[in-house]
Amino acid sequence: MISVNNISVSFTGKDLFKGISFVINKKDRIGLTGKNGAGKSTLLKIMTGQQEPDSGNISIPPNIEVGYLPQQMIYPEGKTVLQEALTAFEKTNSAKAEIKRITKELETRTDYESAAYTKLIEEMTHLGELLDMAGEASAEADAEKILKGLGFTQNDFTRLTQEFSGGWRMRIEIAKILLRRPNVLLLDEPTNHLDIESIQWLEDFLIASSSAIVMISHDRAFLDGITRRTIEISAGKAYDYKASYTKYKELRVERRQQQRAAYLNQRKMIEDTEAFIARFRYQASKAAIVQSRIKQLAKVERIEIDEDDFSNLSFRFPPAPRSGTIVAETKSLTKRYDAEPILEDIYLVIERGEKVAFAGKNGQGKTTLVRVLMNDLPYHGKMIIGHNVKIGYYAQNQDRFLDPNKTVFETLDDIAVGDVRKRVRDILGQFLFRGEDIDKKVMVLSGGERARLALAKLMLEPYNLLILDEPTNHLDMHSKDILKQALQNYDGTLILVSHDRDFLQGLVGKIYEFDNRKIKQHSGDIELFLKKKKLENLKMIEKKDKSLNISNKQKVKKSNTLIQKESISKNELRKLQNKFKKTEAQIEGLEQKIANAEKTLSSGEIIDDNNFYSDFEQLKSDLETAMENWELQSEALEKYI
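According to the working numbering, the sequence shown is numbered sequentially starting from 329.
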């Protein structure tokens with residue numbers, strides 16, 4: 329559908345792209361990857377016509393509609409959320425008006441055999457197909473469905489868009505693009521402002537979509553769930569892999585190895601040829617063969633090694649000073665905005681050495697509680713920060729904590745004290761600020777550079793409690809992996825607010841879920857949490873059972889063409905439900921045992937029981953088995969209810 333033909337772009341004498349070419353086919357699912365600054369966003373802008381290449385061109389057929397979501401945009405104002413979403417159908421409204429005009433013209437024309445008359449018929453047919461594809465008849469219902477999937481409530485639909493934060497207004501733009509149902513979707517970091525539930529909804533929507541998709545994302549799980557093809561932009565070239573992101577990483581290693589082997593073989597051949605030429609250049613009897621070798625060498629297309637252009641971001645957090653056993657605690661904590669509670673009667677205890685995540689939908693109070701812990705917001709109730717606790721804070725809104733008029737160097741040097749001032753340049757170097765980069769003003773830094781600078785500030789002194797609010801939003805894959813490794817090695821306490829499933833997996837051992845002004849503790853990793861969420865969402869099964877007889881009678885009366893549930897006796901159904909409830913109870917019991925064991929581990933007490941660790945691993949294995957059994961049982965119940 330779209331052909332990228334030999335695109336080249338350079339900035340300040342440096343090549344960004346050098347003859348990039350590829351084709352986007354119908355229903356392609358492409359992940360566009362590469363380090364920050366490789367040109368991914370620039371390539372999308374070129375594909376939408378917002379930027380011109382130095383050479384080459386983009387070929388898009390006239391009947392192909394492209395939907396583009398940039399990372400940053402100017403948001404429209406003056407309409408409600410639903411009204412703004414419905415502007416997605418402006419094109420269909422225009423098509424309806426054009427159909428009306430053509431119909432009126434056809435009523436007065438009699439030149440039925442003319443080319444002009446045929447052209448009008450074809451145009452009206454095309455416009456009719458456009459309306460059918462857009463689903464114009466169900467516009468409002470579709471808009472409400474997509475807005476709810478992205479986290480909006482029914483009450484939000486009548487609120488003005490300017491009442492919402494930038495993240496929520498970005499969701500409205502996503503909704504508008506999805507409602508247009510374009511042939512090709514170009515998405516630049518679509519998950520940056522979404523919570524986990526909205527990401528999962530968007531993932532399911534895109535999987536079911538008939539559009540071709542080209543997507544930039546630093547969410548590995550999101551990419552793996554959607555894409556089946558990966559195009560890597562590296563050192564000005566494009567490398568096309570028929571594989572999802574994780575598989576591409578494996579294939580990429582193989583390609584680099586093959587490339588290097590070919591390079592070494594060619595270099596040996598060139599060196600041997602040059603040595604032959606040098607040896608026999610002045611011998612008359614060898615003149616003909618020497619000239620032949622010279623011509624042969626001139627024709628050789630030199631292999632260039634595509635060196636891994638990820639710079640060596642590498643750091644470790646300073647060792648954490650010892651704190652008290654209780655690091656942070658709240659009792660009956662309530663926080664209100666304009667008399668409306670966002671957190672209500674919160675009890676929370678975080679102990680030394682724990683690594684926990686705050687999860688839940690946006691707007692449920694995760695960042696609010698973080699700011700309360702930082703003593704940045706007033707509240708009601710009790711909040712205690714433990715003995716000798718030193719907090720290092722990474723804020724979601726970096727602009728609030730970074731002075732745009734300072735240079736990169738000044739940002740750290742002005743707050744560094746003691747011997748660490750001598751290491752400011754070294755610390756900045758660890759975060760890829762080298763040479764002239766340290767003299768850049770903060771105001772000109774990219775989102776990824778600001779994120780790295782904010783992380784560098786955490787290196788200036790040792791902290792024993794790190795509170796990180798969405799630290800991965802602007803980091804590339806490689807930088808995220810380095811940060812995750814550093815946090816895994818960190819020996820202090822960690823509170824992490826993040827929607828990145830892949831980043832959280834294997835990093836935290838406890839999840840605090842924020843919902844309806846309350847928090848709920850879940851032991852285990854993010855995968856286990858998401859499985860349990862599915863379980864809780866399906867507890868409506870018990871309620872469905874009450875109307876089972878009525879429902880079955882109604883189904884019998886329906887047309888035989890409708891799909892009906894499988895039949896089962898009441899006794900057998902009751903057995904299945906009892907088994908399901910027992911499994912739920914087993915899961916709750918195992919989770920409690922795991923939580924108790926984790927509490928023992930985090931207490932720092934010496935454990936004399938030789939079987940403790942093997943029993944702990946067995947508990948986790950039993951919980952995984954129980955979750956799998958629960959999934960099978962829930963699927964079985966769905967057949968009959």
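For every residue, glycine included, the Cβ atom is placed at its ideal position computed from N, Cα and C.
Note that the structure is predicted; figures quoted are calculated from it, not measured.
query = For residue 910, is the beta carbon positioned less than 7 Å from some heavy atom of the ligand FAD?
reply = You won't find the ligand FAD in this model; it holds no ligand whatsoever.
Identity of the residue in 942, 841, 916 nearest residue 676 by Cα = Translated into the one-based positions of the sequence shown, residue 676 becomes position 348. That would be 841, whose Cα lies nearest to the Cα of residue 676.
request  = Report yes or no: is there a C-beta of chain C within less than 8 Å of the C-beta of residue 905?
outcome  = Chain labels in this structure do not include chain C; a single protein chain is all it has.
query = How would you write the range of the beta strand (DSSP E) that residue 591 sits in, first residue to last?
reply = Taking the first residue of the sequence shown as position 1, residue 591 is located at position 263. No beta strand (DSSP E) holds residue 591; the alpha helix (DSSP H) holding it covers 573-608.
request  = Can you tell me which of the three DSSP states residue 903 falls into?
outcome  = In the sequence shown, the residue the question calls residue 903 occupies position 575. Helix.
inquiry  = What would DSSP say about residue 436, mapped onto helix, strand or coil?
reply    = Within the sequence shown, numbered from 1, the residue matching residue 436 stands at position 108. DSSP places residue 436 in helix when its eight states are reduced to three.
Best match in 816, 492, 959 for proximity to residue 859 [C-alpha to C-alpha] = Your numbering for residue 859 matches position 531 in the sequence shown. Of 816, 492, 959, the residue nearest in Cα terms is 959.
ask   = When you compare each of 413, 798, 662 to residue 976 by their alpha carbons, which one comes out closest?
value = Any property of residue 976 remains undetermined from this structure, which presents the chain solely from 329 to 969.
request  = Output yes or no for whether 8 Å exceeds the beta carbon distance between residue 781 and residue 766.
outcome  = Taking the first residue of the sequence shown as position 1, residue 781 is located at position 453. Taking the first residue of the sequence shown as position 1, residue 766 is located at position 438. Remark: C-beta atoms of residue 781 and residue 766 do not approach each other more closely than 8 Å.
task = Under the assumption that residue 551 contacts residue 567 (Cβ atoms under 8 Å), give the Cβ distance between them as a whole number of angstroms.
result = Along the sequence shown, one-based indexing puts residue 551 at 223. Along the sequence shown, one-based indexing puts residue 567 at 239. Between residue 567 and residue 551 the Cβ distance is about 16 Å, and since that is not below 8 Å, they are no contact.
Residue 849, enclosing beta strand (DSSP E) - first and last residue = As a working note, residue 849 is residue 521 in the sequence shown. 846-851 is the span of the beta strand (DSSP E), which, as asked, contains residue 849.
request  = Output the residue ranges of the alpha helix (DSSP H) runs that lie fully inside the segment 480-544 and measure 4 residues or longer, sorted by chain position.
outcome  = Runs of the alpha helix (DSSP H) inside the segment 480-544: 494-508, 524-536.
message = Please classify residue 784 as buried or exposed, where buried requires at least 16 neighbouring CB atoms within 10 angstroms.
response = For the purposes of this step, residue 784 is identified with residue 456 of the sequence shown, where counting begins at 1. So residue 784 counts as buried.
Continuous beta strand (DSSP E) stretch holding residue 687: start and end = In the sequence shown, counting from the first residue as 1, residue 687 sits at position 359. Per DSSP, residue 687 belongs to the beta strand (DSSP E) from 683-688.
message = On the criterion of 16 or more Cβ atoms from any shown chain inside 10 Å, does residue 786 qualify as buried, or is it exposed?
response = Along the sequence shown, read from residue 1 onward, the residue named residue 786 stands at position 458. By the 10 Å Cβ count, residue 786 comes out buried.
query = Is residue 388 closer than 8 Å to residue 335 when the C-beta atoms are compared?
reply = To locate residue 335, count along the sequence shown from 1; it is residue 7. To locate residue 388, count along the sequence shown from 1; it is residue 60. Contact flag unset, no.
ask   = Among the residues of its own chain, which have a CB less than 6 Å from the CB of residue 508, if the five just before and after it don't count?
value = Taking the sequence shown and counting its residues from 1, the one referred to as residue 508 is at position 180. Answer for residue 508: 395, 416, listed in chain order.
inquiry  = Short of 6 Å in beta carbon distance, which residues of its chain neighbour residue 337, apart from the five on each side in sequence? Order them along the chain.
reply    = Residue mapping note: residue 337 aligns to position 9 of the sequence shown, counting from 1. Same-chain partners within the cutoff: 344, 345, 381, 382.
key: Anticipated Cβ contact below 8 Å, residue 362 with residue 517, distance rounded   = Your numbering for residue 362 matches position 34 in the sequence shown. Your numbering for residue 517 matches position 189 in the sequence shown. The beta carbons of residue 362 and residue 517 sit about 13 Å from each other, so the pair does not count as a contact at 8 Å.
request  = Whole angstroms is fine: what's the gap from residue 673's alpha carbon to residue 796's?
outcome  = Within the sequence shown, numbered from 1, the residue matching residue 673 stands at position 345. Within the sequence shown, numbered from 1, the residue matching residue 796 stands at position 468. Straight-line spacing of the CA atoms in residue 673 and residue 796 works out to 24 Å.
inquiry  = What would DSSP say about residue 796, mapped onto helix, strand or coil?
reply    = On the sequence shown, position 468 is the one that residue 796 refers to. Correct three-state label for residue 796: strand.
ask   = Just curious, the alpha helix (DSSP H) that residue 553 is in, first and last residue?
value = Against the sequence shown, residue 553 aligns to sequence position 225. Start and end: 548-554.
Among 778, 744, 746, 771, nearest to residue 760 - alpha-carbon criterion = Against the sequence shown, residue 760 aligns to sequence position 432. Checked all of 778, 744, 746, 771; the closest Cα to residue 760 is 778.
query = What three-state label does DSSP hand residue 761 in the structure shown?
reply = The residue given as residue 761 occupies position 433 in the sequence shown. Reduced to three states, the DSSP call for residue 761 is coil.
ask   = Under 8 Å between the Cβ atoms of residue 569 and residue 558?
value = Counting from 1 along the sequence shown, the entry for residue 569 is found at position 241. Counting from 1 along the sequence shown, the entry for residue 558 is found at position 230. Yes. Within cutoff.
key: Contact set for residue 378: own chain, Cβ-Cβ below 7 Å, skip 5 residues either direction   = The residue given as residue 378 occupies position 50 in the sequence shown. For residue 378, where only same-chain residues beyond five positions count, there are no Cβ hits under 7 Å.
ask   = Under three-state DSSP, which class holds residue 659?
value = Stepping through the sequence shown from its first residue, residue 659 is reached at position 331. Three-state DSSP puts residue 659 in a strand.
key: Local Cβ density within 10 Å of residue 940, reported as buried at 16 or more and exposed below that   = Start at 1 with the first residue of the sequence shown, and residue 940 comes out as number 612. By the neighbour-count definition (other C-beta atoms within 10 Å, threshold 16), residue 940 is an exposed residue.
request  = Flag this pair as yes or no: are the beta carbons of residue 804 and residue 770 separated by less than 8 Å?
outcome  = Here residue 804 refers to the residue found at position 476 when the sequence shown is read from its first residue. Here residue 770 refers to the residue found at position 442 when the sequence shown is read from its first residue. Not a contact, by the Cβ cut-off of 8 Å.
task = Starting from the C-beta of residue 694, find all residues in its chain whose C-beta is less than 7 Å away, skip the five residues before and the five after it, and write them out in chain order.
result = For the purposes of this step, residue 694 is identified with residue 366 of the sequence shown, where counting begins at 1. The answer, listed in chain order, is 686, 688, 825, 842.
query = Just curious, the beta strand (DSSP E) that residue 354 is in, first and last residue?
reply = Sequence index remark: in the sequence shown, residue 354 carries index 26 (1-based). Annotation for residue 354: no beta strand (DSSP E) segment contains it, and DSSP assigns it neither H nor E.
task = State buried or exposed for residue 474, treating a residue as buried only when at least 16 other CB atoms are found within 10 Å of its CB.
result = For the purposes of this step, residue 474 is identified with residue 146 of the sequence shown, where counting begins at 1. Buried: at least 16 other Cβ atoms inside 10 Å.
task = Could you check the C-alpha separation between residue 908 and residue 793 for me, to the nearest Å?
result = On the sequence shown, position 580 is the one that residue 908 refers to. On the sequence shown, position 465 is the one that residue 793 refers to. The alpha-carbon atoms of residue 908 and residue 793 are separated by roughly 40 Å.
request  = Would you mind giving the Cβ-Cβ distance between residue 814 and residue 643, rounded to the nearest angstrom? I have them listed as a contact below 8 Å.
outcome  = Within the sequence shown, the letter at position 486 stands for residue 814. Within the sequence shown, the letter at position 315 stands for residue 643. The beta-carbon separation of residue 814 and residue 643, rounded to 6 Å, stays under the 8 Å limit for a contact.
inquiry  = Going by beta-carbon coordinates alone, are residue 511 and residue 386 separated by less than 8 Å?
reply    = To locate residue 511, count along the sequence shown from 1; it is residue 183. To locate residue 386, count along the sequence shown from 1; it is residue 58. With contacts defined as CB atoms closer than 8 Å, residue 511 and residue 386 fail to qualify as a contacting pair.
query = By a C-beta neighbour count over all protein chains shown, 10 Å radius and 16 as the cutoff for buried, is residue 435 buried or exposed?
reply = Mapped onto the sequence shown, residue 435 falls at position 107. So residue 435 ends up on the exposed side.
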